[in-house]
Structures are given as C-alpha cells and as structure tokens.
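Engineer:
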Amino acid sequence: MEKSEIDKLLATADRRAVYINQVEHAKEKFRTLNILAWDGHIFELDPSFVCYVLLQFMSSQADGDMPIILFDKNSEPVLIEDLSEFVDQMQEKHTEALNEYLDIYSRLQ
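Okay, structure coming up:
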C-alpha cells in the first residue's frame with residue numbers, strides 16, 4: 223500500500239472518529255435537555271416514561287382527570303394532581319430537546 227493511500231485511510235478514519243464523537247455529544251445534550259423539574263422532583267423524559275404518562279393522561283381524561291403517582295429520577299413517588307399541566311410541560315421540554323437534537327444532528331450530516 224502506498225503512503226498516499228495510507229494517508230487517505232487515516233484521514234477517513236479521523237473524520238469518522240470526529241463524527242462519532244460529535245454524535246455522542248449531541249445525544250448527551252439531548253439527554254441533558256430532556257429533563258423536567260416538577261414540584262422539587264426531577265423526571266427524565268425517556269421514551270417509555272413519556273408513553274406511560276401519555277397513556278395515563280388519555281385514560282384519566284375518560285375517568286375525569288384524576289391525579290396519578292409517578293416515580294421521579296430517584297424512584298421517589300410523586301403525586302401529580304394537575305396531570306394536564308404536567309403533560310403540557312413534559313411535551314414542551316421533550317419537543318424542545320428533540321428539535322435541538324435534530325438541529326445538531328442535521329448539521330453533522
């Protein structure tokens with residue numbers, strides 16, 4: 223293999239490593255932004271939590287908007303009395319985090 227071919231391979235490998243590093247930073251920023259503070263508690267808005275809360279919200283609408291209990295980041299139970307407001311804030315934070323992640327990720331392409 224010629225020296226120029228090796229240099230090209232090394233340059234490609236370096237670009238790939240930088241890209242992977244930047245994607246990981248974007249994911250970490252997304253995880254950092256995807257946190258909701260509510261009544262002194264912290265909630266990580268991962269996909270399963272968001273789905274669970276939205277399912278509870280939809281069923282509570284049928285039952286008359288009853289309060290629910292959720293676990294925060296530290297597995298402490300939290301009574302959510304105003305589920306509508308919680309869902310609004312959760313969706314706002316989650317959408318902001320997704321938009322920021324998409325913006326960063328799009329610039330990397």
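Numbers given in the working numbering equal positions in the sequence shown, counted from 1, plus 222. Just so you know, even glycine gets a beta-carbon here, dropped at the ideal spot from N, CA and C. Quantities reported herein were computed from a predicted structural model and do not represent experimental measurements.
In chain order, what residues of the same chain lie with their CB nearer than 8 Å to the CB of E318, ignoring the 5 residues before and after it?
Structural biologist: Mapped onto the sequence shown, residue 318 falls at position 96. Excluding positions up to five away in sequence, the list reads L255.
Engineer: May I ask you to report which of helix, strand or coil DSSP gives E224?
Structural biologist: Within the sequence shown, residue 224 is the residue found at index 2, counting from 1. The answer is coil: DSSP assigns E224 none of H, G, I, E or B.
Engineer: CB S282 to CB L305, shorter than 8 Å?
Structural biologist: Numbered from its first residue, the sequence shown carries residue 282 at position 60. Numbered from its first residue, the sequence shown carries residue 305 at position 83. A contact, by the Cβ cut-off of 8 Å.
Engineer: If you run the structure through DSSP and keep just helix, strand and coil, what is L267?
Structural biologist: Working through the sequence shown from its first residue, we reach residue 267 at position 45. Three-state DSSP puts L267 in coil, outside helix and strand.
Engineer: Ignore the nearest five residues each way along the sequence and tell me which others in Q205's own chain have a CB closer than 6 Å to its CB.
Structural biologist: The question about residue 205 has no answer, for the chain in this structure spans 223 to 331.
Engineer: Measure how close the beta-carbons of F265 and Y323 come, nearest whole angstrom, since I'm counting them as under 8 Å.
Structural biologist: On the sequence shown, position 43 is the one that residue 265 refers to. On the sequence shown, position 101 is the one that residue 323 refers to. Actually they do not touch by this definition, with Cβ atoms about 18 Å apart.
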